[in-house]
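Step one of this worksheet: look at the structure below.
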Amino acid sequence: MKVGFIGAGNMGNPMATNLIKAGHQLVVHDLRREAATNLLEMGATWANTPAETASSGSEIIFTSLPFPRDIEAVVLGEDGILEGAETGSIYVDLSTSSPISIRHIHQVCQEKGVMVLDAPVSGGVHRAADGSLTVMVGGDEAVFNRIKPTLHGIGSHVVYCGPVGNGMVCKICNNLVSMGVGSLLAEALTLGVRAGADLAVLADVIATSSGSCARLTEKFSQFLFKGNFEPGFATSLAAKDIRLATDLGRELGLPMEVSNIVDQQHVEALFRGWGPEDSDAVVKLQEEKAGVQLRIPGI
Ligand code: NAD
Numbered sequence: 040m041k042v043g044f045i046g047a048g049n050m051g052n053p054m055a056t057n058l059i060k061a062g063h064q065l066v067v068h069d070l071r072r073e074a075a076t077n078l079l080e081m082g083a084t085w086a087n088t089p090a091e092t093a094s095s096g097s098e099i100i101f102t103s104l105p106f107p108r109d110i111e112a113v114v115l116g117e118d119g120i121l122e123g124a125e126t127g128s129i130y131v132d133l134s135t136s137s138p139i140s141i142r143h144i145h146q147v148c149q150e151k152g153v154m155v156l157d158a159p160v161s162g163g164v165h166r167a168a169d170g171s172l173t174v175m176v177g178g179d180e181a182v183f184n185r186i187k188p189t190l191h192g193i194g195s196h197v198v199y200c201g202p203v204g205n206g207m208v209c210k211i212c213n214n215l216v217s218m219g220v221g222s223l224l225a226e227a228l229t230l231g232v233r234a235g236a237d238l239a240v241l242a243d244v245i246a247t248s249s250g251s252c253a254r255l256t257e258k259f260s261q262f263l264f265k266g267n268f269e270p271g272f273a274t275s276l277a278a279k280d281i282r283l284a285t286d287l288g289r290e291l292g293l294p295m296e297v298s299n300i301v302d303q304q305h306v307e308a309l310f311r312g313w314g315p316e317d318s319d320a321v322v323k324l325q326e327e328k329a330g331v332q333l334r335i336p337g338i
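Residues 40 to 338 in our numbering are what the sequence shown spells out, letter by letter.
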């Protein structure tokens, strides 16, 4: 199948790679052409604009972009997907974005006969590379069933979440847990080390006990404990995700005290200039307070 792909960054690039490996003919666009070099070498075709990506016969057009404003511009803006998309084509957003924004995009696209699904993903860059992401899909169920086999090229766990926007809702709730647990882990691990525990031993005990979680076993082990703050998943994106959650809470009038503390920790991390670093950088705030660095030599 001919597939358009816009946004070949940390997540988009491995997902696009897996779509090519699954036998799809890829048309790719990114603000930075160099981000797509490996995809072009694998046989993908370059498009100069989102409109060109959509108009080159793509049955499905994917985006994997940073912020809701980027997605709205790429879909609805000048030279955007909607300008190029043919009636009957399907636009799928793999980014983590606002449910309100994707529902608006859906409404506008529907008038031109372009179908919209939200399909945010979870699992980080490593699971994007091995094709084992969780994909959370919102939108028309019949459209979902049509493209499910293609989505299986990206993720091993493809879940239908309900009407358009519900994929984003599920993803935002998941990331809220991941960010919140990250803050609690930072306190627990600095506490343990200050109280005399060896960090490697403490991390092993928690990883094999009731406190175990992916933030510890899959994320801290790859980033924080190694002192590796190359993104992965940038702090600016984590701050965006936690704000999507607290904004949604405000929209619904729902008190979310802990979430708003975690939100402000991410605001402070951005203020410190850590936006481009991996999202584990937020832990440095607690490390400073505790006078402890959570690094495991040789991990
Ligand atoms: P990234 O910054 O690495 O990649 C984004 C890409 O989009 C870049 O290559 C950038 O040049 C391109 N881009 C930005 N604006 C553009 C525009 N207007 N037109 C064309 N290209 C544009 O980000 P990422 O980490 O790959 O994340 C992408 C999305 O996936 C985000 O919404 C993020 O929250 C979500 N996500 C990320 C992870 C992760 O671990 N990194 C995991 C799950 C979900």
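We put the CB at the ideal spot given by N, CA and C, even for glycine.
On a predicted model such as this, the values are computed, not experimentally measured, just so you know.
| task | If I'm right that Val362 touches Val174 with Cβ under 8 Å, what's the distance once you round it to whole angstroms? | result | In the structure displayed, the chain extends from 40 to 338; residue 362 sits before or after that span and is not available.
| Are the Cβ atoms of Tyr130 and Val160 separated by less than 9 Å? | The sequence position of residue 130 within the sequence shown is 91, counting from 1. The sequence position of residue 160 within the sequence shown is 121, counting from 1. No, the pair does not count as a contact, with Cβ atoms beyond the cut-off.
| Proximity to Leu133 [Cα-Cα], best of Ile281, Ala329, Asp118 and Gly162 | Against the sequence shown, residue 133 aligns to sequence position 94. It is Gly162.
| request: Following the continuous alpha helix (DSSP H) through Gly162, name the residue where it begins and the one where it ends. | output: Stepping through the sequence shown from its first residue, residue 162 is reached at position 123. Following the DSSP letters along the chain, one finds Gly162 in no alpha helix (DSSP H), marked with neither H nor E.
| query | So, are the CB atoms of Ser217 and Arg166 less than 9 Å apart? | reply | Taking the first residue of the sequence shown as position 1, residue 217 is located at position 178. Taking the first residue of the sequence shown as position 1, residue 166 is located at position 127. With contacts defined by Cβ atoms closer than 9 Å, Ser217 and Arg166 do not form a contacting pair.
| query | What is the DSSP secondary structure of Asp169, counted as helix, strand or coil? | reply | Translated into the one-based positions of the sequence shown, residue 169 becomes position 130. Note: Asp169 maps to coil in three-state DSSP.
| request: Pick helix, strand or coil for Phe44, following the three-state DSSP scheme. | output: Walking along the sequence shown from the start, residue 44 turns up at place 5. Reduced to three states, the DSSP call for Phe44 is strand.
| Is the segment 52-69 in contact with the segment 77-86, if contact means three or more CB pairs nearer than 8 Å? | Taking 8 Å as the limit for Cβ pairs, the verdict is that the segment 77-86 does touch the segment 52-69.
| message | Rounded to the nearest angstrom, what separates Val66 and Ser275 at their Cα positions? | response | Here residue 66 refers to the residue found at position 27 when the sequence shown is read from its first residue. Here residue 275 refers to the residue found at position 236 when the sequence shown is read from its first residue. C-alpha separation (whole angstroms): 28 Å.
| said: Whole angstroms are fine: how far does the CA of Ala320 sit from the CA of Glu327? | reply: By 1-based counting over the sequence shown, the position of residue 327 is 288. By 1-based counting over the sequence shown, the position of residue 320 is 281. Distance between the alpha carbons of Glu327 and Ala320 is about 11 Å.
| field | the segment 188-197 touching the segment 218-237, judged by at least three CB pairs closer than 8 Å | value | Under the three-pair Cβ rule at 8 Å, the segment 188-197 does not count as touching the segment 218-237.
| task | Pick helix, strand or coil for His196, following the three-state DSSP scheme. | result | As a first step, residue 196 must be located in the sequence shown, where it is residue number 157. Three-state DSSP puts His196 in a strand.
| Of the residues Ala93, Gly46 and Thr92, which one's Cα is nearest the Cα of Glu73? | Numbered from its first residue, the sequence shown carries residue 73 at position 34. With distances taken between CA atoms, Glu73 lies nearest to Gly46 out of Ala93, Gly46 and Thr92.
| task | Would you identify the three-state DSSP class for Val176, choosing helix, strand or coil? | result | Taking the sequence shown and counting its residues from 1, one reaches residue 176 at position 137. For Val176, the three-state secondary structure derived from DSSP is strand.
| Do Thr229 and the ligand NAD come close, with the Cβ less than 8 Å from some heavy atom? | As a working mapping, residue 229 is identified with position 190 in the sequence shown. Outside the cutoff, so no.
| query | Count the other CB atoms within 10 Å of the CB of Pro188; is the residue buried (16 or more) or exposed (fewer)? | reply | By 1-based counting over the sequence shown, the position of residue 188 is 149. Pro188 is exposed by the Cβ-count criterion.
| Among Gly170, Leu172 and Lys279, which residue has its Cα nearest to the Cα of Leu215? | To locate residue 215, count along the sequence shown from 1; it is residue 176. With distances taken between CA atoms, Leu215 lies nearest to Lys279 out of Gly170, Leu172 and Lys279.
| said: Using the three-state DSSP reduction, which class does Gln64 fall into: helix, strand or coil? | reply: Counting from 1 along the sequence shown, the entry for residue 64 is found at position 25. Here Gln64 sits in strand by DSSP.
| said: Tell me whether Lys279, by its Cβ, gets closer than 8 Å to a heavy atom of the ligand NAD. | reply: Residue 279 sits at position 240 when you count from the first residue of the sequence shown. Within the cutoff, so yes.
| Among the residues of its own chain, which have a CB less than 7 Å from the CB of Val182, if the five just before and after it don't count? | Locating residue 182 in the sequence shown gives position 143, where the first residue counts as 1. Non-local beta-carbon contacts of Val182 in its own chain, meaning distances under 7 Å to residues more than five positions away in sequence, involve Ile129, Met154 and Leu156 in chain order.
| request: Using the Cα positions of Pro138 and Cys200, report the straight-line distance between them to the nearest angstrom. | output: Residue numbering aside, residue 138 sits at position 99 when the sequence shown is read from its first letter. Residue numbering aside, residue 200 sits at position 161 when the sequence shown is read from its first letter. When only Cα atoms are considered, Pro138 and Cys200 end up about 12 Å apart.
| task | For the beta strand (DSSP E) containing Met154, list its first residue and its last residue. | result | As a position in the sequence shown, residue 154 is number 115, starting the count at 1. Met154: member of the beta strand (DSSP E) spanning Met154 to Asp157, first to last residue.
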